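**Q**
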Amino acid sequence: MTITAERGARAVGKRPHTGPRRPRSQTSYALFLLPGVLAFLAVIIVPFLMNTGISFTEWSGIGSPKWTGLDNYRQLLDDSEFWASFRHSLFMVVAMAVVPTMIGLVLAAALFDYIGKHFGSRTAAVLRACFYLPQVLPIAVAGIVWSWILAPDNGSLNALLKAVGLGSWQQDWLGDPDVALYSVMGVMVWVQIGFPLVVFMAGLQRVDPQLYEAAELDGAGWWRRFWHITLPQIRPEIYVVLTWCTVAALKVFGAVYVLTKGGPGGATDVPSYFSFTTFFEKTQAGYGAAISTVLTVIILLLAMVGLKLQTRAEDAEEGARA
Amino acid sequence: MLTARRRVVATAAVVLSGSLLLASCGGSDSGSSDGKTLKLWHYEGPDSAMGAAWNEAIKEFEAKHPGVKVKFEEKGFEQIQKTAPMVLNSSDAPDIMEYSKGNATAGLLSKQGLLTDLTPEVTKRGWDKKLSAGVQTISRYDANGIMGSGKWYGIPNYAEYTMVFYNKDLFKKYGIAEPKTFDDLTSAMDKFVAKGITPLANAGAEYMAQQYLYQLALSKADRSWVDKYELYKGKTDFHDAAWTYGATTFADWVKKGYISKTSSGTKSEDAGVSFIQGKNPILFSGSWWYGRFKTENKFDWGTFLWPGSNLTLGSGGNIWVVPRGSKNKDLAYDFIDITMSPKIQNLLGNKGGVPVAADPDAITDPQAKTLIADFNTLSQRDGLAFYPDWPVPGFYDTLISETQKLITGSEQPDAYLSALQKAYDQGVPKQ
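Each protein sequence line maps, in turn, to chains A and B. Taken in order, the first sequence gives residues 1 to 322; the numbers are from UniProt numbering. Taken in order, the second sequence gives residues 1 to 431; the numbers are from UniProt numbering.
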């Protein structure tokens, strides 16, 4: 299991260096890291440093950039459009991390603990695959299909509402600035649910069944077992999912590009799309680079905080066991 | 010392790393500098009038250049739009490419020296004699990349302009007279609204909405107004009479139901399909829809120029440019020459395009004759007023976003115009 491997690696890392030098075999194995390290440098680090460099310039994307120091970052601080896009990102965190994690937890527990036991593991596996399907679908395809479903005049959602007598609930789902962000959030919840579900179901496999049996013998109902056994047992998975999904939410681009292009009137703009339009449409490469640099730093910080929290929780758990 | 086995492993690791690094830096195409291949990119669909004409031009070119092969790559409009500067700056540039006209596109590339100055060829081959003044505007760019004067950097082979497409059957069905004047048009729209039909097909998420608004402004404008806005020959005031009329009338049309309040999120394709399906009886858009409507409309339809306005949106079409790095420039010029020949121009016209140098007698299709005749009327009265998103890079997105607010009523015309002014002033070249 990944978790075990990570714990093992950390344990090695904590061990005091008592020996005078590493064995020769470790040095030669380091060569195997070389391709990965070089690829990482070429694909991640160098472009990131170049992007950061560009963010200190005024540049149209071609010709010679003009050094402007921190001007782009100063402009960013006062740019209401950027901060509005960042606020929308927080909504996306709710839609892509918080809500799917909560729904995923309940669904995983229900599939594992109820469906699996009463209808067989095959039924649970089929349902799990169904929930996971949106994750497999390219976001461009899913986005186009959802834009048909949510179309104001001939979209199937409005048609359905009308058919069941809820015509007053019909909306211009993607065209009304008061509704569009929530519509995109709804689509993203649908896209995301499969990921936490699969991770949590994998996590539940390693929970000792005796814990559930003992709880059942003690008369604990499903909710108490979920609250007192399932949740604490799969806490590491919850941290992983939350961190992963938060990062995904902060850099969400495809769905916004396909569904709304940031509109109407900027109501669904997010930093990655804002950076893209600034860079390519407005040909303000320096400013676009500054936006994506800030976004990268924010994502890195959040990822580090998430990993730290996860590590601390795991250490506390190990301490409690010891 | 490393053992022989480890040495092999180490060498393999270094070789793999090196190749990964090289791959990540981008491969380099050896190009086509042998004079035997013309590398050509364009983004016209094979079924469109231009696509058919360019395909024929390729055949003609290969017949006239034995031993030379045209290596055609069909690209997407967005693909070329977004990556052209980077591609043209690399060794992967094609020999000839279709590209968007305007200051923010071809102008920007010409300013950066990425395009070949075609002026000597234009004079030598007489292309300038074939293109009207209005169409030539988008071919020439000055040292600041501003269109209208300076050297020739692109050649358009077709033109485009906007018109009112209308469903004659629906007009007949509801007993509404076909409009001849602007008052007729608004009166017809009132009657459709009274019948519960939204008269105008619209798309707020793409170009269509802003083009309605710009057309309304153009009906109160003249050439100097357009020159100020598009060519920076003076200061543009978005609170002037024309812009104010455009914005307030557009907002009013939404209120009156001429334009659907729910069209703020719809795309141009949706609006086009809505017209084809007979849901909206009128659509105002460009000649690029003509071929599609000809094929797909199942009803009697017609077109007319926007009533009560000398100016309408339009220009020469996209242009052929020869990248600075082209390795076969003479072949590229020969290809342009073939696309300007009567044979290709006539084919373009008969397929529903707007040719710039066709023989009127050779256009046999009656609808195509009307299309070209309307263009000639427009061209002769110097009526091509370009497009509203041209003057400033990124203005397209600004116009979409702000016009959406106007449709949903979340912004008033005055605030709308102020927002446009701010974005325009920020992006307009400092002179």
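Ideal placement from N, C-alpha and C gives every residue a C-beta, glycine not left out. Model, not experiment: these values are computed from the prediction.
What do you reckon, are the CB atoms on W306/B and Q215/B nearer than 8 Å?
**A** Position 306 of the second sequence, counted from the start, is the residue given in the question as residue 306/B. Position 215 of the second sequence, counted from the start, is the residue given in the question as residue 215/B. The answer is yes: Cβ separation under 8 Å.
**Q** Answer with yes or no whether the minimum CB distance from E281/A to chain B is below 8 Å.
**A** Locating residue 281/A in the first sequence gives position 281, counting from the first residue. Yes, contact with chain B.
**Q** Helix, strand or coil for V189/A? Go by DSSP, reduced to three states.
**A** For the purposes of this step, residue 189/A is taken as the residue at position 189 of the first sequence. Three-state result, V189/A: helix.
**Q** Could you tell me if S17/B is buried or exposed, where buried requires 16 or more neighbouring beta carbons within 10 angstroms of its beta carbon?
**A** Sequence index remark: in the second sequence, residue 17/B carries index 17 (1-based). With a pLDDT of only 46 at S17/B, under 50, the local geometry of the prediction cannot be trusted, and no value is derived from it.
**Q** Can at least three beta-carbon pairs, one atom from the segment 201-216 of chain B and one from the segment 251-264 of chain A, be found at a separation below 8 Å?
**A** Counting Cβ pairs under 8 Å, three or more are found: they touch.
**Q** Please name the residue or residues paired with H42/B in a DSSP beta bridge.
**A** Position 42 of the second sequence, counted from the first residue, corresponds to residue 42/B. Looking at the DSSP assignment, H42/B forms a beta bridge with E74/B.
**Q** Run down chain A in chain order and give the residues with a C-beta less than 7 Å from the C-beta of P85/B.
**A** If you number the second sequence from 1, residue 85/B lands on position 85. Here the neighbours are G61 and I62.
**Q** Could you tell me whether the Cβ atoms of residue 327/A and I291/A are closer together than 8 Å?
**A** Past the edges of chain A, shown from 1 to 322, lies residue 327/A, and the structure says nothing about it.
**Q** Give me the residue from C130/A, L300/A, K282/A and A303/A with the minimum Cα distance to I62/A.
**A** Residue 62/A sits at position 62 when you count from the first residue of the first sequence. Nearest of C130/A, L300/A, K282/A and A303/A to I62/A, Cα basis: K282/A.
**Q** Return the CA-CA distance between E402/B and C130/A, expressed in angstroms with no decimal places.
**A** The residue given as residue 402/B occupies position 402 in the second sequence. The residue given as residue 130/A occupies position 130 in the first sequence. Roughly 40 Å between the two C-alpha positions.
**Q** Our contact map puts A49/B next to G352/B with C-beta atoms below 8 Å; I'd like the distance itself, whole angstroms only.
**A** As a working mapping, residue 49/B is identified with position 49 in the second sequence. As a working mapping, residue 352/B is identified with position 352 in the second sequence. Sure, about 5 Å apart at Cβ, within 8 Å.
**Q** Which residue wins for smallest C-alpha separation from T408/B, given the options G266/A, F276/A and R122/A?
**A** One-based indexing of the second sequence puts residue 408/B at position 408. Cα-wise, what sits closest to T408/B is G266/A.
**Q** Hey, which unbroken runs of the alpha helix (DSSP H) at 4 residues or more fall wholly within the segment 237-300 of chain B?
**A** Counting only runs of 4 or more, we get 241-256, 268-276 and 290-296.
**Q** At 7 Å on the CB atoms, spell out the chain A contacts of N89/B, in chain order.
**A** On the second sequence, position 89 is the one that residue 89/B refers to. Near N89/B (Cβ distances below 7 Å), the residues of chain A are I62.
**Q** Under 8 Å Cβ-Cβ, which residues of chain A neighbour E402/B?
**A** As a position in the second sequence, residue 402/B is number 402, starting the count at 1. Chain A residues near E402/B: G265.
**Q** In chain A, what lies closer than 7 Å to Q112/B by C-beta?
**A** Here the question's residue 112/B lines up with position 112 in the second sequence. What Q112/B touches in chain A: I62 and G63.
**Q** Any Cβ of chain A within less than 8 Å of the Cβ of A271/B?
**A** Residue numbering aside, residue 271/B sits at position 271 when the second sequence is read from its first letter. With 8 Å as the cut-off, A271/B does not count as an interface residue toward chain A.
**Q** Which residues, taken in chain order from the segment 320-332 of chain B, show a beta carbon closer than 7 Å to some beta carbon of chain A?
**A** So the list is empty, because no residue satisfies the distance condition.
**Q** Grab me the residues of G265/B's own chain with a C-beta within less than 6 Å of its C-beta, minus the 5 sequence neighbours each way, in chain order.
**A** Here residue 265/B refers to the residue found at position 265 of the second sequence. Counting only Cβ-Cβ distances below 6 Å, and skipping sequence neighbours, we find A205.
**Q** List, in chain order, every chain B residue whose beta-carbon is nearer than 8 Å to that of L105/A.
**A** One-based indexing of the first sequence puts residue 105/A at position 105. Going along chain B, no residue has its Cβ under 8 Å from L105/A, so there is no contact; the nearest lies around 33 Å.
**Q** Which residues does DSSP list as the beta-bridge partners of Y166/B?
**A** Stepping through the second sequence from its first residue, residue 166/B is reached at position 166. For Y166/B, which the question treats as bridged, DSSP gives the partners I282/B and G302/B.
**Q** Report all residues from its chain with a CB closer than 7 Å to the CB of L192/A; omit the five preceding and five following residues, and keep chain order.
**A** In the first sequence, counting from the first residue as 1, residue 192/A sits at position 192. Just to set this straight, residue 192/A is Gln in the shown sequence, not Leu. If we look at Q192/A and ignore the five residues flanking it on each side, its Cβ neighbours are M96, P100 and C245.
**Q** Taking C-beta to C-beta, are T181/B and K329/B nearer than 8 Å?
**A** On the second sequence, position 181 is the one that residue 181/B refers to. On the second sequence, position 329 is the one that residue 329/B refers to. Not closer than 8 Å, so no.
**Q** Measure from the alpha carbon of L242/A to the alpha carbon of each residue in I54/A, Y73/A, S28/A and M102/A, then state which is nearest.
**A** Mapped onto the first sequence, residue 242/A falls at position 242. When only C-alpha atoms are compared, the closest one is M102/A.
**Q** Can you list, in chain order, the residues of its chain whose CB lies under 7 Å from that of G203/A, leaving out five sequence neighbours each side?
**A** Taking the first residue of the first sequence as position 1, residue 203/A is located at position 203. Cβ neighbours of G203/A beyond the five flanking positions: I234 and E237.
**Q** Check whether the segment 165-176 of chain A touches the segment 71-87 of chain A, counting contact only when three or more Cβ pairs, one atom from each stretch, lie closer than 8 Å.
**A** No, because fewer than three Cβ pairs between the segment 165-176 of chain A and the segment 71-87 of chain A fall closer than 8 Å, the two stretches do not touch.
**Q** Counting only the same chain and skipping the five closest in sequence on each side, list residues whose C-beta sits under 7 Å from that of A142/A.
**A** Here residue 142/A refers to the residue found at position 142 when the first sequence is read from its first residue. The residues are P134 and V191.
**Q** Take D227/B and list the residues in its own chain whose beta-carbon comes closer than 6 Å to its own, dropping the five residues that flank it on each side.
**A** Here residue 227/B is taken as the residue at index 227 of the second sequence, counted from 1. Answer for D227/B: K233, listed in chain order.
**Q** Please give me, in chain order, every unbroken run of the alpha helix (DSSP H) with length at least 4 that falls completely inside the segment 142-197 of chain B.
**A** With a minimum length of 4 residues, the continuous alpha helix (DSSP H) runs that stay inside the segment 142-197 of chain B are 168-173 and 182-194.
**Q** In chain B, what lies closer than 7 Å to L174/A by C-beta?
**A** To locate residue 174/A, count along the first sequence from 1; it is residue 174. Correct list: G265.
**Q** Could you spell out where the beta strand (DSSP E) holding I96/B opens and where it closes?
**A** The residue you call residue 96/B lines up with position 96 of the second sequence. Residues I96 to Y99.
**Q** Is the distance from the Cβ of A255/A to the Cβ of V184/A below 8 Å?
**A** As a first step, residue 255/A must be located in the first sequence, where it is residue number 255. As a first step, residue 184/A must be located in the first sequence, where it is residue number 184. Cβ distance < 8 Å, so A255/A and V184/A count as in contact.
**Q** Under 8 Å Cβ-Cβ, which residues of chain B neighbour T277/A?
**A** The sequence position of residue 277/A within the first sequence is 277, counting from 1. Ordered by position in chain B, the residues that pass the 8 Å Cβ test against T277/A are G394 and D397.
**Q** The alpha helix (DSSP H) with I144/A in it runs from where to where?
**A** For the purposes of this step, residue 144/A is identified with residue 144 of the first sequence, where counting begins at 1. Run containing I144/A: I139 to I149, per the alpha helix (DSSP H) assignment.
**Q** Report back the beta-carbon spacing between F72/B and I58/B to the nearest angstrom; my notes put them in contact at under 8 Å.
**A** Position 72 of the second sequence, counted from the start, is the residue given in the question as residue 72/B. Position 58 of the second sequence, counted from the start, is the residue given in the question as residue 58/B. About 6 Å; that satisfies the 8 Å criterion.
**Q** Compare the C-alpha of L70/A against each of F56/A, T311/A and S64/A and name the closest.
**A** The residue you call residue 70/A lines up with position 70 of the first sequence. Comparing Cα-Cα distances from L70/A to each of F56/A, T311/A and S64/A, the minimum goes to F56/A.
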